[in-house]
Each structure stands twice: as structure tokens, then as C-alpha cells.
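Colleague: Handing you a structure now.
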Amino acid sequence: MSDYPRIILYLMSFFISAYALYGVDFRKFTRKGKEMHMQVLYILLALALGYAVAQFLLGLSTNYLI
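For the sequence shown, our numbering assigns the number 9 to the initial residue and increments by one for each residue that follows.
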């Protein structure tokens with residue numbers, strides 16, 4: 009697979025996972041004065057989830073669809 013579709017897939021999965029994480033109420037887990045730490049955790053969770061989804065889709069496409 010070419011590099012451009014892979015990059016687009018990674019970006020799309022990151023944004024979709026970030027959108028999905030908006031449904032989680034992180035204020036329940038946040039201490040006062042630690043909002044910046046929770047934002048960093050939110051970004052890291054979105055990156056990890058997006059990477060996992062993209063890897064799954066790439067593996068699925070190379071093993072079963074081609």
C-alpha cells in the first residue's frame with residue numbers, strides 16, 4: 009500500500025477516535041489543578057486508539073481484501 013493512503017487512514021482513525029472519546033466524561037477522573045494532565049492523557053488515548061484501529065484496518069486489508 010502506498011504511503012499517502014496509509015497516512016490518511018492514520019489521520020482519519022485518530023480524528024474518529026478523538027471524536028469517540030468526547031463521549032467519555034473525563035471530569036470524573038480529573039483532580040483540581042490537573043486539567044492539563046488530563047488533556048495530555050486524552051491526546052495520548054486518542055493516538056493509541058487511532059493507531060490500533062488503523063493497524064487493524066491495514067492488517068485486514070492486506071490479509072483478506074487483496
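Note that CB positions come from ideal geometry on N, CA and C, so glycine has one too.
All of these numbers come straight from a predicted model, not from anything done at the bench.
#1: So is residue 23 buried or exposed if we call it buried at 16+ other beta carbons inside 10 Å?
#2: For residue 37, which of 50, 27, 71 and 68 has the nearest alpha-carbon?
#3: Taking the continuous alpha helix (DSSP H) assigned at residue 67, which residues delimit it?
#4: Would you kindly report the start and end of the unbroken alpha helix (DSSP H) that includes residue 14?
#5: Taking contact to mean 3 or more Cβ pairs, one atom from each stretch, closer than 8 Å, check whether the region 56–66 and the region 24–34 are in contact.
Modeller: Answer, in terms of the structure:
#1: Residue burial is scored here from C-beta neighbours: residue 23 has fewer than 16 other C-beta atoms within 10 angstroms and is therefore classed as exposed.
#2: Closest option to residue 37, Cα to Cα, is 50.
#3: Element bounds for residue 67: 43–68.
#4: Membership of residue 14 in the alpha helix (DSSP H) is indicated by the continuous run 11–29.
#5: Touching, yes, given that three or more Cβ pairs across the two stretches are closer than 8 Å.
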